[in-house]
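Asker: Each residue of the sequence shown is one higher than the one before, counting from 1 in the UniProt record's numbering. All residues carry an ideal CB built from backbone N, CA and C; glycine is no exception. This structure is a prediction, so every number in the text was calculated from the model and none was measured. Before I ask anything, here is the structure I am working with.
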Amino acid sequence: MVKLTSLHDHEFMDQVLEAAFHREQSDLMKESVVTHVCEDGTRHTHTDRTVLGVLELSTKWILYGNTPLHVSSGFRLFSTWGSHNIQNFLSYFTPRMVSEMLSDVFKISPNGPLLLREGFRILCKQRYTQTYYECAQVVQGNVTKCVSNTHNSLLVRNVGLLLEEFKECIPTDEGEAVRFCYAVLNHLRFSDLPGDINTVDYMDDIARILSVVWKLHHQVVLARCLYFIFCIISAPRSDKLAYPSCCLAAVVRYIPMEIANLVVRDIVTDTSGSDESIAIAVSQIIEWLRWPCIENMDLWLLCFLTQLAAARKYDLLAHITEFNIRQLANNLLEDSPSLWHASFTILSHLLLSFQHSPGPFHQCLDTMAAAIEKLRKTSGLEPGTPLNQLAMLIYCLMHHHSGFPDLYEPVLNRIQGIPPPTSELMNSILDSARWTSESDDCQLIEEIVPSSSLSSTKQKKLEPGKTGLVNLGNTCYMNSVIQSLYMCDQFRKAVLTKTPQEKENLMEMLQHAFAILTYSNRPCMTPSKFLKASRPSWFLPDHQQDCSEFLKYLLNQLHEDETLSNTAQKSPTNNNISSNSVFRRNMNKVSKAERKKSNVLLTSVTMKMEELKHSRNSSLDCNKNTESVQSLVEQYFAGKVQTTLRCLACGQKSVTVESFVDISLAFPNSSRLTPHLCKSLAGGSCTSFGEQEPERMQLFAAEPAVQSEDGFSLNDLISFYLKSEKLTEDNKYHCDQCKTLQDGEKSLQIIDSPQYLILTLLRFSFDSRLQTRTKIFQDVYYPCTLSIPVYKQASSKDTNMCLSETHARNANSSSTNNVAGVADSPQNKLDNIAKLLAPKCDNANQEPQSFQLYGLTAVIVHSGTSSECGHYYCYARHAQDGQVAAKLLDELNNNSDNLDLLADKWYCFNDRKVSSCTLNSFRNGMKQFSKDTPYVLIYRKLSVGSQSSDADTDPVLSPGLMDVVIKDNEAYLKEQEAQARMKEKRQIAKSSPLNSVGQQTSR
């Protein structure tokens, strides 16, 4: 046995190591010897012969080791002795040695790249950059030949690990980089089918090499690689070598999806290509769906199918459908969830778009029936589950291809108990899926891969003034806010007629957006400039954001910019407005520094009640002076709330008056709510497709509603917001008169109501049990007509009034109101409606001075399960100047249930798509999608009067704004002309004699 204590005395350390490994000793003893040798290499100085001997032996073990212990020991010795004997290592690890290994050793051992990687690690650690770059240059010049001359997947995979860690080894020459990528693709193309999961991982690692190279080079390398891949998968299947291995599918997940539209469009519109090659390529990608890692595979297929429909290649689409439909249906019988969802996505797209014949659908009926039978054992009936999705697809197809009751009977028996969708919904799905629906094809591609490069010329415009907005990468939060503010008619008109000052860049961008939305010929516009001007600094690009947070930030910035630009008339005490008294931010979303940067300074005046009498007159004078310089945000969105703190020991009161642009409504006892998805969040209980409602629930309650079993009314949340709060225990109130902490009472009162009232439902809360932000899926019944109590601002006289005097005043006011109620004036009718609809208030010391009536004008909906994911869209309607005709009040007949004093003409704004709808369609749609919940509500103040003749017309634009619209419309015309010329060129190319001869020759 070797004496470990005297190992450093041996000059021939390599021979000692070999002798130790040749002896019949345990692996534990061998590891002990290696450990001692590694320690000896770091503590003592050795001769050049000893160091080089150890390095050569470790290299031999790494490359040719018979056991894993040999290989791992070789790496330990090579790393330790090389790092601590750097001069000897530099004489060993030379560019010549690297070149010899690349030309010889790579053919023998797959561990060669890992040995080179360890050598590069030592050079980097010791900072020998000159040798490092010299060796990297050698790898660059030889790595392509190494990959080309081997069929060993482990070797190629290890090459990828080397290049991924040391990118200086990647060929820098564009041509050499392309040849290297071709070599990798050819290796995957001819690789054997994976036998186990390790082989699948190896193929994925090999494919990842390409993404590393693509990131370092211009898109030219990527484009040439994609063309090479298409040539491989579209080649005619003349022999076995023409069938590419499914291992090539591993590359798809690493191809950037943002270029999917461009690449597929070029392939489809390339006149030199043939329909046969496209059909072969699509069929090959469908076969690749069975690859274990199929990420993005279905998206690429959808891009091909939608682009073929846009190019009107209907014969080719029919061929692809008929040839591949059975394979896709058979995939539904597999156990892999990813395979099922990807196959169902393509299958449903093909069958719903193939509307001229029932043939493909009938071919799949038996397989679909078997899939339904299997899913009944594993899937639920809830909307969105595989069973429900497949049943809905079958219902739609049977609805379209009717007249085959005997053929449909078996599958109908399988889906019995699953309610069918309505005829309107099925017709809508079929209309949007047909090949000739060009606008929907374009829309579908945008939903698959959002891209600002897609032209909107094929989408139809709903009507003038109703223009969609392109989603620029998770910017639905911004699009919904823009459209909601645009439908606030008075605010929109004020913005369009304003003359922005030098510092009001954001207002100018909002003007441009509103002007184009109003007068553009486009069906949808791209708000990239507005996004750049309005996006908060802490909003990361391409990330989902909170639309309420953005709305508050936007209004505050508009207000601040306008106030700063009016420095001559600016009031020093009225520079900022708050959102619900404080710009409340999500504590889990941004850092403390970010919040401090974006926080809104409050306009508040806090004083003791005895000080009010000295300051009231000056305060009123100040309001008069600042009224003329109010910002647009103040004029239309700002209200005032009064917070009263009362000491329960001495009765001392302090009052704070603050401006707000938003009221955030919390859910009472929200901690007990469970985020289940079985209930609708609007219009009552959720019913499945085709299910009849046993009892129609009233969406809008006339009286202040008590929380029902299914949810709250909006009045409940407003009452909860205005409810007095006891300040006790750890939340005691510091009384200035008592000079100590005392029990107190806090109450809120709205003393000035805004023209547009913004209400945010606080649906996102932090779940301490799950340690994450969750969404409250509680039903909220929000009315079309809302009443808000408005109180009188506190004064010294009000303070000195005793409780009996207060009751006397209230009684007198009540009797006066009763007398006024007898009067038949429209205003009295409106006031009575406001009192009837008002929420309950628990303030016994003071009755509201008045009740302000509001009409619902916009609803921003969040679709999703949390604040970090999902989608925003909005419903909105015109309210003009909020005037209610007296004739309408005469026709109410004292029936306030479901009261709506505005026209029932709504629009749905969903990014680039704009559609018209009614209140009933809005409510029914919300029932069917339980994740879609109202989040932000905007109400318009109502009053009695006749609508002015110019209420429906937008103002004349200034020359500068008109020039912006004209230039945008000219650009749109040029885009249309370019598309028309491209279409004409394709038609000429197809009808040319040369092309006809070529087609005949190919036949």
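Does residue 173 pass the burial test, meaning 16 or more other C-beta atoms within 10 Å, or should it be called exposed?
Answerer: Residue 173 comes out exposed.
Asker: Please list, in chain order, all residues of the same chain as residue 633 whose beta carbon is under 6 Å from its beta carbon, the five residues on each side excluded.
Answerer: These residues qualify, in order along the chain: 555, 558 and 559.
Asker: On the CB-based measure, 16 or more other CB atoms within 10 Å of its CB, does residue 326 come out buried or exposed?
Answerer: With fewer than 16 Cβ atoms within 10 Å of its Cβ, residue 326 is classed as exposed.
Asker: Distance, Cα to Cα, residue 287 vs residue 159?
Answerer: Rounded to whole angstroms, residue 287 to residue 159 spans 28 Å at the Cα level.
Asker: Using three-state DSSP, classify residue 25 as helix, strand or coil.
Answerer: Looking at residue 25 - three-state DSSP - the assignment turns out to be coil, as it is neither helix nor strand.
Asker: Please state the DSSP three-state secondary structure of residue 520.
Answerer: Of the three classes helix, strand and coil, the one that applies to residue 520 here is coil, per DSSP.
Asker: Do residue 773 and residue 664 have their C-beta atoms within less than 8 Å of each other?
Answerer: Result no, Cβ atoms of residue 773 and residue 664 do not sit closer than 8 Å.
Asker: Tell me which residues share the same chain as residue 757 and place their Cβ nearer than 6 Å to its Cβ, disregarding the 5 neighbours each side in the sequence.
Answerer: So the list reads 854 and 939, once near-sequence residues are dropped.
Asker: Counting contacts by CB-CB distance shorter than 8 Å, is residue 177 in contact with chain C?
Answerer: Checking the listed chains, one finds no chain C in this structure; it contains a single protein chain.
Asker: Candidates 248, 964 and 244: which alpha carbon is nearest residue 201's?
Answerer: Residue 248 is the option with its Cα nearest to residue 201.
Asker: Which runs of the alpha helix (DSSP H), 4 residues or longer, sit entirely within the segment 485-562?
Answerer: For the segment 485-562, whole alpha helix (DSSP H) runs of length 4 or above, ordered along the chain, are 489-497, 505-519 and 528-534.
Asker: Find the nearest neighbour of residue 393 within the set 345, 298, 490 and 382, judged by alpha-carbon distance.
Answerer: Of the candidates 345, 298, 490 and 382, the one whose C-alpha sits nearest the C-alpha of residue 393 is 345.
Asker: Helix, strand or coil for residue 906, going by three-state DSSP, please let me know.
Answerer: Here residue 906 sits in strand by DSSP.
Asker: Between the alpha carbons of residue 395 and residue 228, how many angstroms are there, rounded?
Answerer: Taking the straight line from one Cα to the other gives about 42 Å.
Asker: Would you check if the segment 286-303 and the segment 338-358 touch, i.e. whether three or more CB-CB distances between them fall below 8 Å?
Answerer: Result yes; three or more Cβ-Cβ pairs closer than 8 Å.
Asker: CA-CA distance, residue 442 and residue 310?
Answerer: Low confidence applies to residue 442: its pLDDT is 39, below 50, so where it sits in the model is not reliable, and the reading given next is rough at best. About 8 Å.
Asker: Using DSSP's beta-bridge definition, name the partner residues of residue 756.
Answerer: Looking at the DSSP assignment, residue 756 forms a beta bridge with 940.
Asker: Spell out a yes or no on whether the segment 902-914 and the segment 729-747 are touching, meaning 3 or more CB-CB pairs, one atom from each, closer than 8 Å.
Answerer: No: fewer than three Cβ pairs fall under 8 Å.
Asker: At what residues does the alpha helix (DSSP H) containing residue 721 begin and finish?
Answerer: Start and end: 714-722.
Asker: Checking 8 Å against the spacing of the C-beta atoms, do residue 727 and residue 746 come in under that value?
Answerer: Cβ distance < 8 Å, so residue 727 and residue 746 count as in contact.
Asker: Could you pull the DSSP bridge partners for residue 917 from this structure?
Answerer: Residue 917 is bridged to 906.
Asker: Identify whether residue 748 lies in helix, strand or coil by the three-state DSSP scheme.
Answerer: In the structure shown, residue 748 sits in a strand (DSSP, three-state: E or B).
Asker: Flag residue 21 as yes when its Cβ comes closer than 7 Å to any non-hydrogen atom of the ligand PLP, and as no otherwise.
Answerer: The ligand content of the structure shown is nil, which means the ligand PLP is not present either.
Asker: Under a three-way DSSP split, which group does residue 968 fall into?
Answerer: Helix at residue 968.
Asker: So what's residue 858 in DSSP terms, helix, strand or just coil?
Answerer: If DSSP states are grouped into helix, strand and coil, residue 858 belongs with the strands.
Asker: If you count every other CB in all the chains shown that lies within 10 Å of the CB of residue 320, and 16 or more means buried, which is it?
Answerer: Flag for residue 320 reads buried.
Asker: Tell me whether residue 726 sits in a helix, a strand or coil according to DSSP, three-state version.
Answerer: The answer is strand: DSSP assigns residue 726 an E or B state.
Asker: Do you know how far the Cα of residue 350 is from the Cα of residue 356?
Answerer: The alpha-carbon atoms of residue 356 and residue 350 are separated by roughly 12 Å.
Asker: Return the chain-ordered list of same chain residues with a C-beta closer than 6 Å to the C-beta of residue 719, the five sequence neighbours on each side being excluded.
Answerer: If we look at residue 719 and ignore the five residues flanking it on each side, its Cβ neighbours are 839 and 840.
Asker: Considering only residues of the segment 71-106, which uninterrupted alpha helix (DSSP H) runs meet the minimum length of 4 residues and lie entirely inside it, listed in chain order?
Answerer: Listed in chain order, the complete alpha helix (DSSP H) runs (minimum 4 residues) inside the segment 71-106 are 86-92 and 95-103.
Asker: How would you call residue 851, buried or exposed, if buried means at least 16 neighbouring beta carbons within 10 angstroms?
Answerer: Per the 10 Å Cβ criterion, buried.
Asker: Is the beta carbon of residue 245 sitting closer than 8 Å to the one on residue 191?
Answerer: For residue 245 and residue 191, yes; Cβs fall inside 8 Å.
Asker: Smallest Cα separation from residue 371: which of 25, 536, 330 and 269?
Answerer: Looking at the Cα atoms, 330 is the closest of the given residues.
Asker: So, do the segment 954-961 and the segment 407-426 have three or more beta carbon pairs nearer to each other than 8 Å?
Answerer: Because the criterion of three Cβ pairs below 8 Å is not met, the segment 954-961 and the segment 407-426 do not touch.
Asker: To the nearest angstrom, report how far apart residue 188 and residue 203 are at their CA atoms.
Answerer: If you take the alpha carbons of residue 188 and residue 203, they lie about 7 Å apart.
Asker: Tell me the DSSP secondary structure of residue 216 in three-state form.
Answerer: Here residue 216 sits in helix by DSSP.
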